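Student: Sending over a structure as structure tokens; questions will come in a sec.
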Amino acid sequence: MLVAIFLSNLPESLSSIDDLKKEGFSKQRIYLSWSIVSICVASSVVLSFLFLEKLDLNSLGIIESFASGAILAMLADSMMPEAYEDGGFLIGFLTMLGFLTAFILSKI
Numbered sequence: 015m016l017v018a019i020f021l022s023n024l025p026e027s028l029s030s031i032d033d034l035k036k037e038g039f040s041k042q043r044i045y046l047s048w049s050i051v052s053i054c055v056a057s058s059v060v061l062s063f064l065f066l067e068k069l070d071l072n073s074l075g076i077i078e079s080f081a082s083g084a085i086l087a088m089l090a091d092s093m094m095p096e097a098y099e100d101g102g103f104l105i106g107f108l109t110m111l112g113f114l115t116a117f118i119l120s121k122i
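Quick note on numbering: the numbering used here labels position 78 of the sequence shown as 92, and the sequence is numbered without any gaps.
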């Protein structure tokens, strides 16, 4: 799970580096910020594994739907417009292909 979360957040963190540099953040501050985020995410995964192991399916579904909604909101608000601006109409197709791939993999 930790590896999956790391890999899913990697593109977002890489795309933010240019914006942070444009805002005047030093390399040291960028590394520090992303290190703190990495530690928080890793801690959340470990704590979730330890304390939410016996969570009932209804509660788990609510937590997962909230998390997926937050991810979709972030994608729609910040990453998709920038991707469309830089990559053109093909980005929409590739996004749909990515969601389709994730759906198929979740059913296998």
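Glycine included, every Cβ here is placed at the ideal spot set by N, Cα and C.
Bear in mind that the values here come from a model prediction, so they are computed numbers and not experimental data.
Between Thr-115 and Met-94, how many whole angstroms is the CB-CB distance? I'm expecting something under 8 Å.
Tutor: Not confirmed; about 17 Å, so no contact.
Student: What is the residue span of the alpha helix (DSSP H) that Phe-38 lies within?
Tutor: First, the residue type needs correcting, since residue 38 is Gly and not Phe in the sequence shown. Segment: none, Gly-38 is in no alpha helix (DSSP H) and carries neither H nor E.
Student: Going by C-alpha to C-alpha distance, which of Leu-111, Phe-103, Ala-18 and Ala-97 sits closest to Ala-56?
Tutor: The candidate whose alpha carbon is nearest that of Ala-56 is Ala-18.
Student: List the endpoints of the continuous alpha helix (DSSP H) containing Ser-92.
Tutor: Per DSSP, Ser-92 belongs to no alpha helix (DSSP H) and is neither H nor E.
Student: For a test of the three-state rule: what should DSSP assign to Glu-67, helix, strand or coil?
Tutor: In the structure shown, Glu-67 sits in coil (DSSP, three-state: anything other than H, G, I, E or B).
Student: For the putative contact between Ile-31 and Ile-44, defined by C-beta atoms under 8 Å, what is the C-beta separation to the nearest angstrom?
Tutor: Right, the Cβ-Cβ distance comes to about 6 Å (below 8 Å), so this counts as a contact.
Student: Taking a contact to mean a Cβ-Cβ separation below 8 Å, would you say Trp-1 touches Ser-22 in this structure?
Tutor: Past the boundaries of the shown model lies residue 1; the chain is included only from 15 to 122, so the question cannot be answered.
Student: Kindly give me the distance between the Cβ atoms of Ala-97 and Ile-105, rounded to whole angstroms, as I take these residues to be in contact under 8 Å.
Tutor: Confirmed, Cβ separation roughly 5 Å.
Student: Report the three-state DSSP secondary structure of Phe-103 (helix, strand or coil).
Tutor: In the structure shown, Phe-103 sits in coil (DSSP, three-state: anything other than H, G, I, E or B).
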